[in-house]
Each structure stands twice: as structure tokens, then as C-alpha cells.
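As C-alpha cells, the structure follows; a few thoughts come after it.
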Amino acid sequence: MATQRIVVGYDGSPDARKAARWALDEAQRTDATVELLYAYEWPSYVPAAAMMPAAAVYPDADTDDAVGEMLGQALETASATHPGVRLCTRVEHGTAAVALAQRSAEASLVVVGGPRHSPVRALLGSTSASVGAHARCPVVVVRGEPRDTAPVVAGVDDSPAAGLVLGFAFEQAAMRGVPLRAVHAWPVPAGRDMLSDVNLCAVAAERDRLRSVVDFWRGRFPRVPVTSEILVGGPGEVLAEAAAGAQLVVAGARARRALRVALRPSIGRHLLHRARCSIALIHGAR
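Here's what the structure looks like:
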């Protein structure tokens with residue numbers, strides 16, 4: 002556990018400070034190291050005349066000093082509020098999404114702040130959505146001010162990541178001493194009566210499948226109160242509604258091509274757009 006590293010995207014904003022507090026609380030429970038990562042891309046100057054030689058313009062000393070002062074203040078505050086947590090900082094010259102995705106290869110968790118998406122952000126994308134799609138470790142997008150007793154919600158589907166999603170959710174619920182709610186979405190096939198024999202048999206099969214995977218993890222975390230349920234509807238809508246009142250919702254994340262994202266948003270993007278609580282996106286490859 003001592004070798005675990007939690008990387009936090011930090012720019013000094015209120016959302017970033019909230020993400021840092023979440024990561025520090027997590028590190029206090031798991032004995033992990035917290036790395037505050039600040040990334041910025043400095044534009045280079047391109048002259049109008051191509052024949053004119055010109056060097057790229059890099060940040061000046063004042064900019065570097067301001068970044069160092071901001072990170073120093075963050076370290077000072079973190080040391081006061083979480084004195085037992087190991088801390089470090091890192092500065093990357095590049096976009097935040099790329100820097101965080103690269104650092105995720107050496108991290109156990111990446112944490113970013115994220116307000117609810119506006120329609121413009123949903124169209125153009127955001128740092129949290131990009132990191133969630135391309136990171137190589139779990140990503141937590143921190144938002145809201147949940148109650149400490151609020152449950153953890155896990156979205157369980159038929160993908161290979163379902164076991165990892167439940168494992169992460171059980172671990173989070175166990176550390177917080179709160180219940181876990183495992184949810185599986187079942188969309189009704191078009192043209193069928195909801196109460197037809199075929200549908201009732203299909204729901205029963207889905208319920209047995211969900212119970213089996215939940216029971217496996219229940220054996221490893223016997224003290225976590227857990228409920229499992231099948232809810233009718235699309236996965237994104239069902240999980241976003243189930244997350245109401247939760248302190249954390251956990252779902253699988255999949256890297257998706259730009260065209261597919263535009264035509265059919267993933268469950269993770271749906272949660273980023275609608276969920277009011279913190280979101281954990283788990284990759285099946287890890």
C-alpha cells in the first residue's frame with residue numbers, strides 16, 4: 002500500500018481544491034502518496050513571414066514563480082489538514098488531459114475536479130471526460146458535497162470490467178463504513194410487453210447473474226451491507242438516477258472513438274453530464 006500514488010489534477014481552482022481534499026482523505030485511509038500535478042501549455046510565437054527565424058516563447062520566471070507559489074500553498078494547507086499523508090508536486094508543460102493520462106500509467110488513482118457538464122462541454126469535451134476515457138487506472142471526478150453516511154452505487158453490466166467495478170465499489174464502501182447498492186440496467190426490447198413471459202424470464206436470468214457476481218465480492222467484504230437490483234431502462238439513465246443521494250457512483254469506462262462518442266455517448270459521459278455526486282470510472286484493462 003505504501004507504494005500507491007494518487008495523482009491529482011491541480012490548478013488552484015475551487016474544483017481542484019475539492020479534488021485534492023478527496024484525494025487526501027483517500028490517501029489517509031490507504032497510506033498512499035498524493036501527487037499534485039499542474040499542467041499548462043504555453044503557446045509558441047509563429048511569425049507571419051515564414052522566412053523570419055524565431056524561437057519558441059516559453060514561460061518566464063514570473064509565471065514559474067506563480068505556479069511554484071500556488072503549489073507551495075497547496076502543500077502547506079494539505080500538511081496542516083492531513084499531517085500524516087506523503088505529498089509531492091509535479092509541473093508538466095502540456096495539456097492537462099494528456100499529462101494526467103500519461104501519469105496514470107504510474108498511479109493507482111487519478112483524481113480531478115469536475116462541475117456538471119454544460120451543453121457546450123458535452124459537445125467539445127472536457128479534461129475529466131478525456132482522462133476518464135484514456136487513463137490506465139481508475140479515475141475519480143469529484144463533485145458535490147455528499148453526506149458521510151450516503152451509500153456507494155455501482156453500475157454492473159455484462160462487460161469484463163463488471164468485477165473490477167464491484168471490487169472498487171466494495172472497497173470504497175468498506176473504507177467509509179457505508180452501504181453499497183449494486184444496480185444493473187435492463188432495457189426492454191422494442192415491441193415486447195413488459196410483463197410477457199419472455200421478459201420475465203430474461204429479468205430473472207439477469208437477476209441471478211447479478212446476484213452471483215455480487216455474492217463473490219460479498220464474501221470478501223462481509224461487513225458491507227449490500228443490495229442488488231435490476232432497473233428497467235438504458236444504462237446511463239438508470240445509473241444517473243440511482244446515483245441521486247449517493248456519495249460515489251462507480252461505473253466501467255471504455256476508450257471510444259470520437260465518432261462513436263458523438264453518436265452514442267458512453268455511460269461514463271452520461272454520468273459526467275448528469276450525476277451530481279462524485280464519479281469513479283474503472284477500466285477493464287487494469
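Here this note's numbering is used: the first residue of the sequence shown is 2, the next is one more, and so on. Even glycine gets a Cβ: it sits at the ideal position worked out from N, Cα and C.
Item	Value
Between S133 and A254, which are expected to be in contact by the criterion C-beta below 8 Å, what is the C-beta distance as a whole number of angstroms?	The sequence shown places Gly at residue 133, not Ser. That pair is a contact at about 5 Å.
V132 lies in the alpha helix (DSSP H); which residues open and close that run?	T128 to H135
So, A100 versus E93, is the Cβ gap smaller than 7 Å?	yes
Are at least three pairs of beta-carbons, each pair with one atom in the segment 32–44 and one in the segment 84–91, less than 8 Å apart?	yes
Can you tell me which of P152, V142, Y11 and Q74 puts its alpha carbon nearest to the alpha carbon of A244?	P152
Inspect the beta-carbon positions of G145 and R277 and report whether they are closer than 7 Å.	yes
Can you say whether F171 is buried or exposed, counting buried as having 16 or more other CB atoms within 10 angstroms of its CB?	buried
State the Cα-Cα distance for the pair A1 and V154, rounded to the nearest angstrom.	The structure shown does not extend to residue 1, since the chain is modelled only from 2 to 287, so the question has no answer here.
Name the DSSP bridge partner or partners of A183?	A155 and S229
Which residue wins for smallest C-alpha separation from A40, given the options V233, F217, S279 and T64?	T64
Can you name, in chain order, every residue of its own chain whose Cβ lies under 8 Å from the Cβ of V98, other than the five neighbours on each side?	Residue 98 is actually Ala in this sequence, not Val. Same-chain partners within the cutoff: T128, S131, V132 and H135.
Per DSSP, which residues does G10 bridge with? Please list them.	L38
Note down, in chain order, each residue of its chain lying with its Cβ closer than 8 Å to the Cβ of P15, except the 5 sequence neighbours on either side.	G114
Is it true that the CB of L282 sits closer than 7 Å to the CB of V227?	no
Quick check: what's the CA-CA separation for V214 versus G164?	7 Å
Would you report the Cα separation of E207 and W187, rounded to the nearest angstrom?	8 Å
Could you check which residue in I268, L211 and V140 has the C-alpha nearest to that of A102?	V140
Give me the Cα-Cα distance between L260 and L25, rounded to the nearest whole angstrom.	Model confidence at L260 stands at a pLDDT of 37, short of 50, so the residue's coordinates are unreliable and nothing is read from them.
As a quick exercise: from V204, A183, R177 and G178, pick the residue whose alpha carbon is nearest that of V189.	V204
Determine the direct distance from the alpha carbon of V68 to that of A62, and round the result to whole angstroms.	10 Å
If you follow the alpha helix (DSSP H) that C138 is in, where does it begin and where does it stop?	Unbroken run through C138: none, as it is neither H nor E.
When the Cα of R148 is compared with those of D159, V142 and V179, which residue comes out closest?	V179
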